[in-house]
Amino acid sequence: MTAPPARKVPPIPAGVAAVCALLGALPVAVFSLIAGVFAAASGVGQGLLFGAVPAVVALTVLVGIVLLLTGRSWRVLVVGSVLTLVLVVWALTQGAASDEPGSVVVLVAGPLVAALLGSLPVVRAWVAARQADRAARG
Numbered sequence: 001m002t003a004p005p006a007r008k009v010p011p012i013p014a015g016v017a018a019v020c021a022l023l024g025a026l027p028v029a030v031f032s033l034i035a036g037v038f039a040a041a042s043g044v045g046q047g048l049l050f051g052a053v054p055a056v057v058a059l060t061v062l063v064g065i066v067l068l069l070t071g072r073s074w075r076v077l078v079v080g081s082v083l084t085l086v087l088v089v090w091a092l093t094q095g096a097a098s099d100e101p102g103s104v105v106v107l108v109a110g111p112l113v114a115a116l117l118g119s120l121p122v123v124r125a126w127v128a129a130r131q132a133d134r135a136a137r138g
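In terms of the UniProt record's numbering, the sequence shown opens at residue 1 and continues consecutively.
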């Protein structure tokens, strides 16, 4: 007997994790775009790196969202969300958005919830079942 094929639709926590990761990555992506434009205009090489790191992190989150929702990997989304959270916490310790408690909550909550939900056992089990299903089909 063979096991029934895994559901194609991701579990609800995976969908919520994808939305939260996207909401957490958007401010980081916008910041990296603005920092990159200013750095390119001023010709400062250090500024390009300052804009490139958040851009790579935001791209990691976007790739992670696609991989999670297709059932290929949950780890990329979790790693990207944790890196986003590290960037946000670093920016907050440097004094960014210190006057806006609402924005602090939104900036921290998105990647934190995405990392937590993306690593839940139900999500990991669904991804493992999808991978096993794909491997069985060849």
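Glycine residues also receive a C-beta, built at the ideal position from the N, C-alpha and C atoms.
{"Check": "Cβ contact check for the segment 122 to 136 and the segment 25 to 34: 3 or more pairs under 8 Å", "Outcome": "no"}
{"Check": "Own chain, CB closer than 6 Å to ALA17, minus 5 neighbours either side, in chain order", "Outcome": "ALA114, LEU117 and GLY118"}
{"Check": "Where ILE12 falls: helix, strand or coil (DSSP)", "Outcome": "helix"}
{"Check": "Inside the segment 63 to 112 only - alpha helix (DSSP H) runs reaching at least 4 residues", "Outcome": "75 to 93"}
{"Check": "Counted within 10 angstroms of its Cβ, other Cβ atoms place residue 150 as buried (16 or more) or exposed", "Outcome": "Any answer about residue 150 is impossible in this case: the structure gives the chain only from 1 up to 138."}
{"Check": "CA-to-CA distance, ALA14 to ASP99, given in whole angstroms", "Outcome": "33 Å"}
{"Check": "Identity of the residue in VAL57, VAL63, THR60 and GLY36 nearest GLY51 by Cα", "Outcome": "GLY36"}
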